Amino acid sequence: MEKTDAILARYKKVMVPNYAPARFMPIKGQGVWLEDVEGKKYLDLTGGIAVTGLGHCPPEVAAALKAQLDKVWHVSNYYANLPVVELAELFTSLTGFERAFFANSGSEAVEAALKLVRRYAHDHFGPDKNEIISFHKSFHGRTLFSVTAGGQEAYRTGFGPLPPKMIYGIYNDADDLKRLISDQCCAVIMEPVQGEGGVLPATPEFAQAVRALCDQHQALLIFDEVQSGVGRTGSLFGYQQLGVMPDVLTAAKALGSGFPIGAMLTSTKIAQVFQPGVHGSTFGGNPLAAVAAKATLEIISKPQTLANVNKRSAQFLAGLQKIAAETGVFGEVRARGLLIGSELSPPYQDKAKLFVQTALGLGLLILVAGPNVIRLAPSLLISEEETTQGLKLIGQAVRDTIKSL
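As numbered in the numbering used here, the sequence shown has no gaps in its residue numbers, which increase by one up to the final residue, 555.
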C-alpha cells in the first residue's frame, strides 16, 4: 500500500479536511469494477454513491463526450446550445414535466427548487406564504438553503443563522403532516426513498396524503429524487411508483454517469416565475454535461435496463435476507430497486463502518447510511453473476467482522 499511503499523505497536505478518504486510491474503472494504484481490483457496489448508474466509463456516454469535445465546451447562459435543448426535450418527454433547469449538482438542483417554490408563492399569494415542510432524517444537499431543508440537525450545526420558516415533520406519518401544514405553507419537500436517512421508502398512502394536503393548502410538492431518480428504484423516477405527480422534481447523481449535472423539472405555469435574472448558473446546462446526461437517459429509460434493476433487486434482497437468517446481523433489509439498505440488528448497532472496512479488505466497496445501515447502490447494469459475487463477498465480510468483535 506504499503508493496509496504516499498519495493520501499528499492529499491530506493540500486538501481541506472535510472528507475522510478510505485507504484506497482508484485509478481506473470499467463496469462494476475499479482498480487501485496498487493494481488490486474491487467490486463496486457503491456506484460512487448512486452516481455511476451505468457503471464506470460507459462506452456510449464516453463516445458522446468525445464527440462533443471537438465541437464546443461552454457558451454561457447568454446563448442557447443544441445539446441542452435536446436533453430538455428528452427529459420532459420521459417524465411529463414541461420545463427543465440544469445546474451542476444535486444540491444546486434542490436550491433552485426551493427558490422556485418561495418565489411562486410570493408572486401568487404574497410574502407571508413562505413556510417549507421537510421531514426528519431527510437529506437535501449542502448549500445553506438545502442543508436547512434537510432533516438531520448534525449537518446544520454551526452554520446559523439559517434560512427561516423551515418545519420538520415525521416521515410516513400523514397525521403529523396534517397537524403541521397550514395556508402559510408554500411547499413540502420529500424524498420517495430517504437515502442518507437509512434507505426508508415512502408508502404510497403517505405520498398520496402529502399530495392531497398540498392541494388543500395551495402548496407545491417537491420530490427530491437526486438519489432515487434516474432508474435507481426500478422505474425512471420513484414518484412513478407512488401514484403521485409532484409539482417540482430534482435529479442529479446518476443523471450524468459521473459527469457533474443536476436538473430541476416543473410545469410551464410554475416555471414562469423564473424570468431572466431571477436565477441562473454559469456552468449549468453546458454542452458537455448535456450530452453525457442525454446518452445516460437514453440507456436507463430502456425497458430492459429497468427490468434488470428489478431482477437484480430481488436477487440482492433474497441474498441479504439469507445472510441475515444465517448470521443475525441484519434486523431488516429494505430495497427499492437497486437502492438497498440492510439495518444492523441490536448487537451490531453503530458498527456499520467496521463492516465497510472489512469489505474493503476483501476487494468489495459498500456504503453506510448512518451508523446502523449498510447501503448498496450499484450499477443498474450489474449482471446476475456479479450480483452473486457481491453477495458472496458481503457474506464473507459479515462473518469476518463478527469474528473480529
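Cβ coordinates follow ideal geometry from the N, Cα and C atoms, glycine included. None of these values were measured; they are calculated from a predicted model.
**Report entry** Helix, strand or coil at Ser257 according to DSSP, with G and I counted as helix
**Finding:** The residue given as residue 257 occupies position 107 in the sequence shown. Of the three classes helix, strand and coil, the one that applies to Ser257 here is helix, per DSSP.
Query raised in the report: With 16 other CB atoms within 10 Å as the buried threshold, where does Val164 fall?
Result: Translated into the one-based positions of the sequence shown, residue 164 becomes position 14. Exposed is the call here.
Query raised in the report: Thinking C-beta only, is Val394 closer than 7 Å to Thr416?
Result: The residue given as residue 416 occupies position 266 in the sequence shown. The residue given as residue 394 occupies position 244 in the sequence shown. Not in contact: Thr416 and Val394 (Cβ atoms no closer than 7 Å).
Query - Reduced DSSP category for Arg160 - H, G, I as helix; E, B as strand; rest coil - result: What you label residue 160 is simply residue 10 of the sequence shown in a count that begins at 1. In this structure, Arg160 counts as helix in the three-state DSSP scheme.
Report task. Could you name the residues of the same chain whose beta carbon sits closer than 8 Å to that of Glu236, not counting the 5 residues immediately before and after it, in chain order? Result -> Reading the sequence shown from its first residue, position 86 is the one you call residue 236. Contacts found: Ala440 and Lys444.
**Report entry** For Thr400, the three-state DSSP class (helix, strand or coil)
**Finding:** Counting from 1 along the sequence shown, the entry for residue 400 is found at position 250. DSSP places Thr400 in strand when its eight states are reduced to three.
Report task. Consult DSSP for Pro557 and reduce its assignment to one of helix, strand or coil. Result -> In the structure displayed, the chain extends from 151 to 555; residue 557 sits before or after that span and is not available.
Query raised in the report: So who's on the other strand from Leu219, going by DSSP bridges?
Result: Against the sequence shown, residue 219 aligns to sequence position 69. Paired residues: none, contrary to the question.
Requested in this report: Using only alpha-carbon positions, find the residue among Val267, Gln546, Ala369 and Ala238 that is nearest to Ile331.
Outcome: Here residue 331 refers to the residue found at position 181 when the sequence shown is read from its first residue. Here the closest residue by C-alpha is Ala369.
Requested in this report: Under 8 Å Cβ to Cβ from Glu281, same chain only, skipping five residues before and after it: list those, please.
Outcome: Looking up residue 281 in the sequence shown gives position 131. For Glu281, where only same-chain residues beyond five positions count, the Cβ hits under 8 Å are Lys315, Met316, Ile317, Ser332, Gln334, Cys335 and Cys336.
Requested in this report: Verify whether the separation of the beta carbon atoms of Leu184 and Pro171 is less than 7 Å.
Outcome: The residue given as residue 184 occupies position 34 in the sequence shown. The residue given as residue 171 occupies position 21 in the sequence shown. For Leu184 and Pro171, no; Cβs fall outside 7 Å.
**Report entry** As assigned by DSSP and simplified to three states, the class of Asp333
**Finding:** Indexing the sequence shown from 1 puts residue 333 at position 183. It is coil, neither helix nor strand.
Report task. Compare the beta carbon distance of Asp374 and His286 with 7 Å and say whether it is the shorter of the two. Result -> As a working mapping, residue 374 is identified with position 224 in the sequence shown. As a working mapping, residue 286 is identified with position 136 in the sequence shown. No, these two residues do not count as a Cβ contact at 7 Å.
Requested in this report: Quick one: residues in its chain with C-beta nearer than 6 Å to the C-beta of Ala324, no 5 flanking neighbours on either side, listed in chain order?
Outcome: Locating residue 324 in the sequence shown gives position 174, where the first residue counts as 1. Correct list, in chain order: Phe356 and Ala359.
Query raised in the report: Would the beta-carbon of Val423 fall within 7 Å of that of Asp273?
Result: In the sequence shown, the residue the question calls residue 423 occupies position 273. In the sequence shown, the residue the question calls residue 273 occupies position 123. Yes; because the gap between Cβ atoms is below 7 Å, this pair is in contact.
Requested in this report: Quick one: residues in its chain with C-beta nearer than 7 Å to the C-beta of Gly469, no 5 flanking neighbours on either side, listed in chain order?
Outcome: The sequence position of residue 469 within the sequence shown is 319, counting from 1. So the qualifying residues of the chain are Leu541.
Query - Nearest-angstrom Cα separation, counted from Val222 out to Pro437 - result: The residue given as residue 437 occupies position 287 in the sequence shown. The residue given as residue 222 occupies position 72 in the sequence shown. So the two alpha carbons sit approximately 7 Å from each other.
Query raised in the report: Ordered along the chain, which non-local residues of its own chain (more than five positions away) have a Cβ less than 6 Å from that of Gly301?
Result: Within the sequence shown, the letter at position 151 stands for residue 301. Ser284, Phe285, His286, Lys287, Ser288 and Tyr318.
Query - Helix, strand or coil at Thr242 according to DSSP, with G and I counted as helix - result: Within the sequence shown, numbered from 1, the residue matching residue 242 stands at position 92. Helix.
Requested in this report: Identify every run of the alpha helix (DSSP H) within the segment 170-220, keeping only runs that are complete inside it and at least 4 residues long; order them along the chain.
Outcome: 197-200 and 209-219
Query - Nearest to Gly181 (by Cα), restricted to the options Leu158, Thr293 and Gly205 - result: Taking the first residue of the sequence shown as 1, we reach residue 181 at position 31. When only C-alpha atoms are compared, the closest one is Gly205.
Query raised in the report: Taking the beta strand (DSSP E) that Tyr229 falls in, what are its first and last residues?
Result: If you number the sequence shown from 1, residue 229 lands on position 79. Tyr229 -> no beta strand (DSSP E), and no H or E assigned at all.
Report task. Starting from the C-beta of Cys207, find all residues in its chain whose C-beta is less than 7 Å away, skip the five residues before and the five after it, and write them out in chain order. Result -> Taking the sequence shown and counting its residues from 1, the one referred to as residue 207 is at position 57. Cβ within range, chain order: Gly179 and Gln180.
Report task. Return the first residue and the last residue of the beta strand (DSSP E) that Arg486 is part of. Result -> In the sequence shown, counting from the first residue as 1, residue 486 sits at position 336. Start and end: Phe480 to Arg486.
Query raised in the report: Rounded to a whole number of angstroms, what is the C-alpha to C-alpha distance between Leu266 and Ala259?
Result: Your numbering for residue 266 matches position 116 in the sequence shown. Your numbering for residue 259 matches position 109 in the sequence shown. Going from the Cα of Leu266 to the Cα of Ala259 covers about 10 Å.
Query raised in the report: On the three-state DSSP scale, how would you describe Arg525?
Result: Residue numbering aside, residue 525 sits at position 375 when the sequence shown is read from its first letter. Arg525: strand per DSSP, three-state reduction.
Query raised in the report: In chain order, which continuous runs of the alpha helix (DSSP H) of length 4 or greater are located wholly inside the segment 348-424?
Result: 354-366 and 418-421
Query - Same chain, Cβ closer than 6 Å to Met414, five either side skipped, listed in chain order - result: For the purposes of this step, residue 414 is taken as residue 264 along the sequence shown, with counting starting at 1. The answer, listed in chain order, is Phe251, Ala259, Ala262, Ala263 and Thr400.
Query raised in the report: Can you name the start and end residues of the beta strand (DSSP E) that Phe285 belongs to?
Result: For the purposes of this step, residue 285 is taken as the residue at position 135 of the sequence shown. Note, Phe285: beta strand (DSSP E), Glu281 to Phe285.
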